[in-house]
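A.B. asks:
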Amino acid sequence: MTERIKQEDRQYIANTYGRFDLLLTRGKGAKAWDDAGKEYIDMGAGIAVNTFGYGDDEWVRAVTDQLGRLQHASNLYYTEPQVLLAKLLCEKTGMEKVFFGNSGAEANECAIKTARKYGTDKYGPERNVIITLKDSFHGRTITTLAATGQDAFHTHFTPFTEGFVHAAPNDLAAMEEAMENPRVCAVLLELIQGEGGLRVLDPDYVKGVAALAKEKDILLMIDEVQTGNGRTGALYCYMNYGLEPDVVSTAKGLAGGLPMGAVLFNGKTRATLGAGDHGSTFGGNPVCAAGALSVIDRIDDALLAGVRRKGAYIREKLEKHPAVGSVSGMGLMLGIQTKKDAKAVCARALEKGLLVLTAKDKVRLLPALNIPDPLLEEGLEILQSILDE
Ligand SMILES: *Cc1c(COP(=O)(O)O)cnc(C)c1O
Numbered sequence: 005m006t007e008r009i010k011q012e013d014r015q016y017i018a019n020t021y022g023r024f025d026l027l028l029t030r031g032k033g034a035k036a037w038d039d040a041g042k043e044y045i046d047m048g049a050g051i052a053v054n055t056f057g058y059g060d061d062e063w064v065r066a067v068t069d070q071l072g073r074l075q076h077a078s079n080l081y082y083t084e085p086q087v088l089l090a091k092l093l094c095e096k097t098g099m100e101k102v103f104f105g106n107s108g109a110e111a112n113e114c115a116i117k118t119a120r121k122y123g124t125d126k127y128g129p130e131r132n133v134i135i136t137l138k139d140s141f142h143g144r145t146i147t148t149l150a151a152t153g154q155d156a157f158h159t160h161f162t163p164f165t166e167g168f169v170h171a172a173p174n175d176l177a178a179m180e181e182a183m184e185n186p187r188v189c190a191v192l193l194e195l196i197q198g199e200g201g202l203r204v205l206d207p208d209y210v211k212g213v214a215a216l217a218k219e220k221d222i223l224l225m226i227d228e229v230q231t232g233n234g235r236t237g238a239l240y241c242y243m244n245y246g247l248e249p250d251v252v253s254t255a256k257g258l259a260g261g262l263p264m265g266a267v268l269f270n271g272k273t274r275a276t277l278g279a280g281d282h283g284s285t286f287g288g289n290p291v292c293a294a295g296a297l298s299v300i301d302r303i304d305d306a307l308l309a310g311v312r313r314k315g316a317y318i319r320e321k322l323e324k325h326p327a328v329g330s331v332s333g334m335g336l337m338l339g340i341q342t343k344k345d346a347k348a349v350c351a352r353a354l355e356k357g358l359l360v361l362t363a364k365d366k367v368r369l370l371p372a373l374n375i376p377d378p379l380l381e382e383g384l385e386i387l388q389s390i391l392d393e
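First residue of the sequence shown: 5, per my numbering; consecutive thereafter.
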C-alpha cells in the first residue's frame, strides 16, 4: 500500500518536490502518524501553516459549521465570514482594509500591484521599482520570483518581471543608495528571512529603512507570510519592531491549515486599488475565512506570551548545547546553526519520530503555537540526542 502510493506519486505527481520518505495519514495537536502507525512530534507544522496543530477541536468546529452552511459564493456577493475576518484583522492591527487571496505568493502579487499603482498614480508611469533584500523569498510566481533576492531562483523562466532591485540586508547605506532612484515606489521586506536562512533584520536598520521610506513617500511593505499570525510572539512581526507599515502581506498560518492569503492596507494605501484593479475567484472563501476567524480570534496576549516563553525555552536549551553554533529567530520561528549538516539532522530526526525543517544551512523549528510543554520537551530531547550522536 505505502509503496504503491509512493510509486504512483512519482508516476503521476509533477516532479517539483523532493519528498521525505514519509507518508502521513493523520494528526492530532502537535503529533502526527504515518501509515504504519509510527508517531511523530511535529515541530514544522506544515511549514508554519497548522497554527494550532492538527485537528484542533475549535478550528474544526468553525470550519465544518461553515462548510455545511455555504462553502463558496464568489466575490460577486457579500458573505459574512470574510467581513468578520477583515474587521477583526483591522481592529487588531490598526490597518484599514484587507484584500483576500489564497497563498503567500498571491498576497505578495497584490502588494506589488498596490505599490506600482500607488507610485504611478501619484508620480507618473516611471515610478514602479520595488526594492527587496538579498536572500529574501517572496513566492514562486514569475513576479514574486523576480522579487526574490536569490540567484538560485533566477535560472529558468526568463523573461522575469522587471522593476526589482535587491539590496544587501542590514546595510542601511546600501538601502539609502537604492532609494536614491526616483523610480522607487516601495520596499518589500521579510523582518525575519525564513527560507533565506532565518536571518533576523536588525531593529536599527529596520527603523532606518522605515524613516527613509517615509521621507521619500516610498511604501513600506512587510512580507509576513511566514512571520505573521502569532508566529514570532506578536500578532505580526512588525509589531515587535514598532513599525507602521503601509502594506502587510500574510498567508501560511492565517487560516490554520486552509489556503488563504491576505493583504492589509493602512490609511495611505486603503484606496489605491479600486474596482476591477484586482480580484480572486476563491479569495476570502467562506470556509477559509471561518477557519482564519477562529485562528486570529484566539491569538491573544496569553497565547502570544506562551509563544515567547516557549521560544525562549528552546533557545536557552539549545544555545548551550556544544554542537549548536547559534540560534536565531523570534518566538516559535527559530533557526539552529548546528555543527552537523542540517539536512542530515532533519533526516535523522524523522527516523527518531521528530519532524523538523531546514532553512539554508540551519535546522528550522516552526511548531504549532499551542504545542504542549511536555511535547516540546520531548521533541527537544530527541533533537539533542541527535546532536549528541
Ligand atoms: C512561504 C512564503 C511565501 C510564499 O507563499 P506560498 O503560499 O507558498 O505562495 C512568500 N513569502 C514568504 C516570506 C514565505 O515564507
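Note that beta-carbon positions come from the ideal geometry of N, C-alpha and C, so glycine has one too.
1. Compare the Cα-Cα distances from residue 390 to each of 370, 344, 196, 361 and report the closest residue.
2. Within the same chain, show all residues whose beta-carbon is closer than 6 Å to that of residue 178, passing over the 5 residues directly before and after it, in chain order.
3. What's the C-alpha gap between residue 114 and residue 45?
4. Buried or exposed: residue 250, going by 16 or more other Cβ atoms within 10 Å of its Cβ?
5. Between which two residues does the alpha helix (DSSP H) carrying residue 166 extend?
6. Assign residue 330 to buried or exposed, taking buried as 16 or more other Cβ atoms, counted over all protein chains shown, within 10 Å of its Cβ.
7. What would DSSP say about residue 157, mapped onto helix, strand or coil?
8. How about residue 168: is its Cβ closer than 6 Å to a heavy atom in ligand 1?
9. Hey, residue 328 and residue 346: beta-carbon distance below 7 Å or not?
10. For residue 87, name the three-state secondary structure that DSSP assigns.
11. Spell out the partners DSSP gives residue 344 in its beta bridges.
12. Here's a check: name, in chain order, each residue in its chain whose Cβ is nearer than 8 Å to the Cβ of residue 297, leaving out the five neighbours to either side.
13. From which residue to which residue does the alpha helix (DSSP H) around residue 381 run?
14. Tell me which residue opens and which closes the alpha helix (DSSP H) that residue 179 is part of.
15. By DSSP, does residue 317 sit in helix, in strand, or in coil?
16. Between residue 62 and ligand 1, is the CB less than 6 Å from at least one heavy atom?
17. Return the CA-CA distance between residue 111 and residue 147, expressed in angstroms with no decimal places.
18. Suppose you measure from the CA of residue 71 to the CA of residue 77; what does that come to, to the nearest Å?
C.D. replies: From the atom records:
1. 344
2. 171, 172
3. 36 Å
4. buried
5. It is not in any alpha helix (DSSP H) - residue 166 carries neither H nor E in the DSSP assignment.
6. exposed
7. helix
8. no
9. no
10. helix
11. Answer by DSSP bridge pairing: none, since residue 344 is not bridged.
12. 66, 85, 88, 89, 92
13. 377 to 392
14. 176 to 182
15. helix
16. no
17. 12 Å
18. 12 Å
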